[in-house]
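Peer 1: Heads up: the sequence lines are chains L and P, in that order. Taking this note's numbering, I'd label the letters of the first sequence as residues 8 to 392. Taking this note's numbering, I'd label the letters of the second sequence as residues 8 to 392. Think of the CB as a built atom: it goes at the ideal place given N, C-alpha and C, for glycine as much as any other residue.
There are 2 protein chains.
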Amino acid sequence: MNTTSIFLRLINRTRKIYPINSISFQSAGCRCSSAYAASVSQIAKERETFQDAWKGIIDNLTTNKKFTQLPELGSWVKKVLEYNVKGGKKIRGITTVLAYELFEKPENVTEEMVRLARVAGWCTEMLQAYLIMNDDIMDGSSTRRGVPCWYRMPDVGLGAINDAILVYGSIYEILKIYFGKAKEYADILDIFNEALLYTSMGQHLDYAMAHRNKQDYSLFTTERYYSIVKYKTSYYSIKLPVVLGLILTQNRENAPIEDIEGICFEIGKLFQIQDDFMDCFGNETVTGKKGTDIQEGKCSWLAVNALQRCNDAQRTLFAQNYASKDPDDVASIKRLYEDLQLPKLYKEQEDEIHSGILKKINALPSSTSPAIFFKLLDMIFKRSY
Amino acid sequence: MNTTSIFLRLINRTRKIYPINSISFQSAGCRCSSAYAASVSQIAKERETFQDAWKGIIDNLTTNKKFTQLPELGSWVKKVLEYNVKGGKKIRGITTVLAYELFEKPENVTEEMVRLARVAGWCTEMLQAYLIMNDDIMDGSSTRRGVPCWYRMPDVGLGAINDAILVYGSIYEILKIYFGKAKEYADILDIFNEALLYTSMGQHLDYAMAHRNKQDYSLFTTERYYSIVKYKTSYYSIKLPVVLGLILTQNRENAPIEDIEGICFEIGKLFQIQDDFMDCFGNETVTGKKGTDIQEGKCSWLAVNALQRCNDAQRTLFAQNYASKDPDDVASIKRLYEDLQLPKLYKEQEDEIHSGILKKINALPSSTSPAIFFKLLDMIFKRSY
């Protein structure tokens with residue numbers, strides 16, 4: 008830890024009230040570069056403090072009675088968690104903390120609640136770990152966050168399915184330890200359960216689209232694509248952390264939950280089309296994973312838009328080469344995407360969705376701080392990993 | 008449905024109070040054959056009524072807002088649930104209902120609460136479905152309950168991992184629909200979460216034992232075997248339904264929870280050694296599944312007891328042939344088990360554990376009805392599937 012962060016932590020320990028909400032953006036129109044810089048530095052600061060909280064949470068989990076009866080269990084769970092939860096951008100975790108800080112009235116933000124928001128945030132990261140551990144097995148992926156997927160590790164194999172359940176079960180044990188006596192406990196459990204159910208519905212749609220009758224791409228429509236995205240991504244990646252942060256505040260009763268949800272779904276769209284684009288055009292050393300969407304025949308943003316733009320010859324080429332593991336076929340699909348100028352279209356759509364989100368944010372009632380959504384956009388807009 | 012059960016259901020509809028607790032066994036010593044017959048017929052009756060409740064629960068689940076946005080999702084989940092939850096003995100589900108009826112004071116048992124206990128019981132059956140769907144993939148099993156394992160169905164494959172999550176997520180959606188406003192809601196969620204965590208811990212121990220350095224069987228001890236059983240079986244198969252039934256009653260505050268848990272763990276032992284024995288010596292047309300414990304190198308009751316009884320030559324034979332998929336090796340292990348008279352030892356130990364359980368039941372404080380435990384023993388003692 009560097010001296011700046013020690014200094015900041017000391018400050019945090021000595022005051023009860025965080026003035027974080029004072030850095031809030033009243034409208035997208037007036038965001039100046041210094042406000043943007045302040046936002047980015049706040050995110051960077053939270054990322055570091057957030058990271059520091061991990062060790063204590065894991066120690067609390069693995070030294071509790073359920074684990075200490077058979078000590079090897081604790082060390083195994085620690086190993087699984089450390090391998091699978093480490094790395095990544097921690098967008099979900101940090102969003103949870105910032106959502107709490109920015110939705111709460113400044114005078115009500117306490118150090119203890121920020122600490123708890125970090126715990127809740129780590130639980131969203133663990134949910135993400137659980138989902139990608141399973142996803143990697145189903146997609147036959149090889150790397151994730153720059154290292155081999157867990158199921159590809161020696162002595163793991165399909166035992167990874169159970170290791171994923173250990174990660175998932177640990178989320179609820181942690182929630183019980185830290186929130187078990189809180190009045191919002193059932194709401195916290197509900198929001199995680201909802202996220203799991205919607206994500207598994209979306210994953211089914213995603214999997215079924217990739218494993219349906221090849222040659223028939225009639226279902227690869229924009230409308231269907233965005234339905235899948237809402238289910239498989241927006242709930243757990245965006246709505247879960249945002250609403251979880253809101254649940255921890257004292258002013259959630261009158262929050263415009265449908266408006267908040269609507270913005271979350273739009274940000275989820277942006278997030279997923281970025282993911283889809285990077286799966287094919289991302290720099291593997293930056294994204295940390297090898298793309299498999301073409302090989303798996305996924306209904307990706309690229310596939311959907313290619314099909315809307317291609318002529319008959321290109322459509323035949325697509326049908327012949329998509330969903331193939333042959334590197335030549337994969338390369339020909341990538342060339343087709345380039346011929347159809349999808350990278351240019353991607354940039355345009357990214358900007359368009361971004362503008363649409365800003366409009367929705369500006370339409371929020373004045374009683375609801377929009378700051379968390381700006382923070383989310385700062386974290387993900389134009390991201391490269 | 009036969010006329011008797013229609014008659015019984017009509018009776019149940021027209022009265023609010025169930026006199027079921029009046030058929031309770033005060034001590035194991037005085038159990039006569041007519042009491043046993045009454046118990047068995049009560050179990051059979053509940054099994055039928057329990058089965059009838061399924062359709063309404065699934066309809067309620069799949070016609071709710073989360074599913075109706077994309078109708079194909081509802082029909083898929085229905086298909087997955089029907090395939091994976093059907094069949095089996097329904098011990099966990101029926102135990103939940105009987106535990107509610109037998110722990111509750113007779114004057115407090117209402118038709119509405121019995122209906123809710125059935126819903127909770129079906130959720131324990133869905134948890135079982137979720138666990139075996141994953142287990143079958145990890146063990147490379149071929150059949151379950153007389154039909155191919157779900158992941159072996161055409162167009163399913165590893166998508167079964169996500170289908171299992173759909174089943175799991177549906178449990179919590181059902182609990183939310185039926186118990187979301189109940190004061191015991193968080194306790195109900197907790198007991199399911201606890202069951203999942205312990206089971207996944209047990210599954211890890213089980214998997215790790217089977218995938219450790221072959222040849223080294225020093226960890227195949229009775230003590231370790233029973234630790235694994237407690238984690239991987241007793242929590243979700245016995246403690247979950249028993250305590251879930253108790254949670255639904257109005258007299259759980261003073262229940263001797265540690266004593267109840269202790270009996271559950273002993274019944275779990277009995278249940279698991281039966282499972283292990285049948286995996287090798289059961290009649291496949293009755294059990295509905297092909298055993299894989301020998302092939303997978305599992306730390307089963309048979310393996311542990313064989314190693315305690317074999318001479319040096321037999322130990323060498325065991326080490327050479329155990330954990331092999333070759334049918335000749337599997338047959339030689341089965342012969343070894345017979346040479347070591349494990350079927351005889353099994354019958355003795357089954358009786359011994361049964362007697363131990365009766366002692367524990369009789370030591371329960373008089374304020375706690377022991378009837379549910381007798382019912383559980385009636386369902387599982389000397390079972391052949």
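Is the distance from the Cβ of Arg394/P to the Cβ of Leu347/P below 8 Å?
Peer 2: The first residue shown for chain P is 8 and the last is 392, placing residue 394/P beyond what the model contains.
Peer 1: Using a cut-off of 7 Å between C-beta atoms, extract the partners of Ile144/P located in chain L.
Peer 2: Within the second sequence, numbered from 1, the residue matching residue 144/P stands at position 137. Residues of chain L with a Cβ closer than 7 Å to the Cβ of Ile144/P are, in chain order, Leu165 and Ile168.
Peer 1: Can you give the Cα-Cα distance for Gly295/L and Phe110/P, rounded to whole angstroms?
Peer 2: In the first sequence, residue 295/L corresponds to position 288, counting from 1. In the second sequence, residue 110/P corresponds to position 103, counting from 1. Cα to Cα, Gly295/L sits roughly 55 Å from Phe110/P.
Peer 1: For Thr150/P, list the residues DSSP reports as bridge partners.
Peer 2: Start at 1 with the first residue of the second sequence, and residue 150/P comes out as number 143. In the DSSP output, where bridge partners are listed per residue, Thr150/P has Pro155/P.
Peer 1: On the DSSP letters alone, give me the boundaries of the alpha helix (DSSP H) that Met216/P sits inside.
Peer 2: For the purposes of this step, residue 216/P is taken as residue 209 along the second sequence, with counting starting at 1. First-last of the alpha helix (DSSP H) with Met216/P: Tyr192 to Ala217.
Peer 1: Indicate the three-state DSSP secondary structure (helix, strand or coil) for Ala35/L in the structure shown.
Peer 2: Within the first sequence, numbered from 1, the residue matching residue 35/L stands at position 28. The predicted model places Ala35/L with a pLDDT of 35, which falls under 50 and marks its position as unreliable, so this point remains unresolved.
Peer 1: Taking 8 Å as the cut-off, decide whether the C-beta atoms of Tyr242/P and Thr206/P are in contact.
Peer 2: Here residue 242/P refers to the residue found at position 235 when the second sequence is read from its first residue. Here residue 206/P refers to the residue found at position 199 when the second sequence is read from its first residue. Cβ atoms of Tyr242/P and Thr206/P: closer than 8 Å.
Peer 1: May I ask you to verify whether the segment 84-95 of chain L touches the segment 150-161 of chain L, counting CB pairs closer than 8 Å and requiring at least 3?
Peer 2: As far as the Cβ criterion goes, the segment 84-95 of chain L touches the segment 150-161 of chain L, which means the pair count is three or higher.
Peer 1: Taking only the alpha-carbon atoms, compute the straight-line gap between Asp223/L and Tyr329/L and give it to the nearest angstrom.
Peer 2: Start at 1 with the first residue of the first sequence, and residue 223/L comes out as number 216. Start at 1 with the first residue of the first sequence, and residue 329/L comes out as number 322. Looking at the two C-alpha atoms, the distance is approximately 11 Å.
Peer 1: The segment 72-88 of chain L: which residues have C-beta closer than 7 Å to a C-beta of chain P, in chain order?
Peer 2: Lys73, Leu77, Leu80 and Trp83
Peer 1: Closer than 7 Å by C-beta to Tyr232/L: which residues in its own chain qualify, once you throw out the five before and the five after it? Chain order, please.
Peer 2: Your numbering for residue 232/L matches position 225 in the first sequence. Closer than 7 Å at Cβ, skipping near neighbours: Cys306, Trp308 and Val311.
Peer 1: Applying the 10 Å Cβ sphere with the 16-neighbour rule, what's the burial state of Gln76/P?
Peer 2: Start at 1 with the first residue of the second sequence, and residue 76/P comes out as number 69. Classified as exposed, Gln76/P has fewer than 16 neighbouring CB atoms from the shown chains inside 10 Å of its CB.
Peer 1: To the nearest angstrom, how far is the alpha carbon of Ile195/L from that of Arg99/L?
Peer 2: Within the first sequence, the letter at position 188 stands for residue 195/L. Within the first sequence, the letter at position 92 stands for residue 99/L. For Ile195/L and Arg99/L, the distance between alpha carbons rounds to 15 Å.
Peer 1: Looking at Leu212/P and Tyr238/P, is the spacing between their C-beta atoms short of 8 Å?
Peer 2: Taking the second sequence and counting its residues from 1, the one referred to as residue 238/P is at position 231. Taking the second sequence and counting its residues from 1, the one referred to as residue 212/P is at position 205. Yes, the pair counts as a contact, with Cβ atoms nearer than the cut-off.
Peer 1: Is the Cβ of Lys183/L closer than 8 Å to any Cβ of chain P?
Peer 2: Translated into the one-based positions of the first sequence, residue 183/L becomes position 176. At least one chain P Cβ lies under 8 Å of Lys183/L.
Peer 1: Pull up the CB-CB distance for Ile235/P and Phe278/P, whole angstroms please, since I reckon it's below 8 Å.
Peer 2: One-based indexing of the second sequence puts residue 235/P at position 228. One-based indexing of the second sequence puts residue 278/P at position 271. Not a contact, Cβ separation roughly 13 Å.
Peer 1: Residues of the segment 225-248 of chain P with a CB closer than 7 Å to any CB of chain L: list them in chain order, please.
Peer 2: Ser234
Peer 1: Give every residue of the same chain whose Cβ lies closer than 7 Å to the Cβ of Ala136/P, excluding the five residues on either side of it in the sequence, and list them in chain order.
Peer 2: The residue labelled residue 136/P in the question sits at position 129 within the second sequence. Asn91, Val92 and Val174, listed in sequence order.
Peer 1: May I ask you to report which of helix, strand or coil DSSP gives Glu55/P?
Peer 2: Position 48 of the second sequence, counted from the start, is the residue given in the question as residue 55/P. DSSP places Glu55/P in helix when its eight states are reduced to three.
Peer 1: In three-state DSSP terms, what is Pro263/L?
Peer 2: The residue labelled residue 263/L in the question sits at position 256 within the first sequence. The answer is coil: DSSP assigns Pro263/L none of H, G, I, E or B.
Peer 1: What is the DSSP secondary structure of Gly164/L, reduced to helix, strand or coil?
Peer 2: Along the first sequence, one-based indexing puts residue 164/L at 157. Three-state DSSP puts Gly164/L in coil, outside helix and strand.
Peer 1: At the 8 Å Cβ level, is Tyr107/L part of the contact set with chain P, yes or no?
Peer 2: In the first sequence, counting from the first residue as 1, residue 107/L sits at position 100. Chain P contact via Cβ: absent.
Peer 1: Quick one: Cα of Lys188/L to Cα of Asp336/L, how far?
Peer 2: Counted from its first residue, the first sequence places residue 188/L at position 181. Counted from its first residue, the first sequence places residue 336/L at position 329. If you take the alpha carbons of Lys188/L and Asp336/L, they lie about 56 Å apart.
Peer 1: Which class does Thr323/L belong to by DSSP, given the choice of helix, strand or coil?
Peer 2: Residue numbering aside, residue 323/L sits at position 316 when the first sequence is read from its first letter. Here Thr323/L sits in helix by DSSP.
Peer 1: Output needed for Asn141/P: all residues of its chain with C-beta closer than 6 Å, excluding positions within five of it in sequence on either side, in chain order.
Peer 2: Position 134 of the second sequence, counted from the start, is the residue given in the question as residue 141/P. Taking C-beta separations shorter than 6 Å and ignoring five residues to either side along the sequence, the partners of Asn141/P in its chain run Ala171, following chain order.
Peer 1: Please report the Cβ distance between Tyr192/L and Met145/L, rounded to the nearest whole angstrom; I am assuming they are in contact, meaning their Cβ atoms lie under 8 Å.
Peer 2: Stepping through the first sequence from its first residue, residue 192/L is reached at position 185. Stepping through the first sequence from its first residue, residue 145/L is reached at position 138. The Cβ separation is near 32 Å, so there is no contact.
Peer 1: By alpha-carbon positions, which one of Ser177/P, Thr375/P, Ser148/P and Val47/P ends up nearest to Lys86/P?
Peer 2: Along the second sequence, one-based indexing puts residue 86/P at 79. For the residues Ser177/P, Thr375/P, Ser148/P and Val47/P, the minimum Cα distance to Lys86/P belongs to Ser177/P.
Peer 1: Taking CB distances under 8 Å as the criterion, tell me whether Ala127/L reaches chain P.
Peer 2: The sequence position of residue 127/L within the first sequence is 120, counting from 1. No - not a single Cβ of chain P is within 8 Å of the one on Ala127/L.
Peer 1: With 16 other CB atoms within 10 Å as the buried threshold, where does Lys276/P fall?
Peer 2: Taking the first residue of the second sequence as 1, we reach residue 276/P at position 269. Lys276/P should be labelled buried.
Peer 1: Taking the continuous alpha helix (DSSP H) assigned at Pro334/L, which residues delimit it?
Peer 2: Mapped onto the first sequence, residue 334/L falls at position 327. Where Pro334/L is concerned, the enclosing alpha helix (DSSP H) stretches over Pro334 to Asp346.
Peer 1: Helix, strand or coil, according to DSSP, for Phe272/L in the structure here?
Peer 2: Position 265 of the first sequence, counted from the start, is the residue given in the question as residue 272/L. DSSP places Phe272/L in helix when its eight states are reduced to three.
Peer 1: For the alpha helix (DSSP H) holding Phe227/P, just list the boundary residues, first then last.
Peer 2: Indexing the second sequence from 1 puts residue 227/P at position 220. Here Phe227/P belongs to no alpha helix (DSSP H), and DSSP marks it neither H nor E.
Peer 1: Compare the beta carbon distance of Asp197/L and Lys190/P with 8 Å and say whether it is the shorter of the two.
Peer 2: As a first step, residue 197/L must be located in the first sequence, where it is residue number 190. As a first step, residue 190/P must be located in the second sequence, where it is residue number 183. Not a contact, by the Cβ cut-off of 8 Å.
Peer 1: For Phe388/L, decide whether its Cβ has a neighbour in chain P, counting only Cβ atoms nearer than 8 Å.
Peer 2: On the first sequence, residue 388/L is found 381 positions in, with the first residue counted as 1. So, not an interface residue.
Peer 1: When the Cα atoms are used, what is the spatial distance from Tyr179/L to Thr240/P?
Peer 2: By one-based count along the first sequence, residue 179/L stands at place 172. By one-based count along the second sequence, residue 240/P stands at place 233. Cα to Cα, Tyr179/L sits roughly 20 Å from Thr240/P.
Peer 1: Between the Cα of Glu53/L and those of Asn115/L, Leu88/L, Glu114/L and Trp129/L, spot the shortest distance and give me the residue it belongs to.
Peer 2: Here the question's residue 53/L lines up with position 46 in the first sequence. If we check each option's Cα against that of Glu53/L, Trp129/L comes out closest.
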